[in-house]
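Participant: Structure below; questions to follow.
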Amino acid sequence: MPALNGLLWLISYWLIGEVVIHFSGLPISSGVVGMLLMGVTLSVIGRVPSSISAAAQPLIGLLAMLIMPGVVGVFFILDELAGQWLAILVALSLGTLLSVVTTLWLLKRLMGHHAH
């Protein structure tokens, strides 16, 4: 039952992201907004609740399958991306770097309490 509760929390943050994107018109994914809001929440409380952990663990194993539709979709718009390879390379590099730095910072912050 904890995994179901955690899944409801994950879906709730995604839906909050949908609402934020709908009303703000921001040009980013609602999932990204939801993850940012969840990251802020986890940073404030300083731990990951066991229900969210129980729901997230199986999803981590499926991460490649969750990302694959977006990657495959790029092949259908290659002609539109033809002149924008430098911008794409910069965005991918900076996005990856920021993702890794943010993940490491959050991990260090959340695991810091358990290391002592």
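Those letters in the sequence shown? Residues 56 to 171, by this note's numbering.
Virtual Cβ for every residue (Gly too), placed ideally from N, Cα, C.
1) If Ile76 and Val95 are in contact, beta carbons under 8 Å, what's the gap, nearest whole angstrom?
2) Straight-line CA distance for Arg102 to Leu165?
3) Residue range of the alpha helix (DSSP H) that Ala110 falls in?
4) Just curious, the alpha helix (DSSP H) that Phe78 is in, first and last residue?
5) How far does the alpha helix (DSSP H) with Gly189 in it reach, from first residue to last?
Facilitator: Judging by the given coordinates:
1) About 16 Å separates the two Cβ atoms, so there is no contact after all.
2) 5 Å
3) Ser105 to Gly116
4) Pro57 to Ser79
5) Missing from the structure shown is residue 189; the chain here goes from 56 to 171 and no further.
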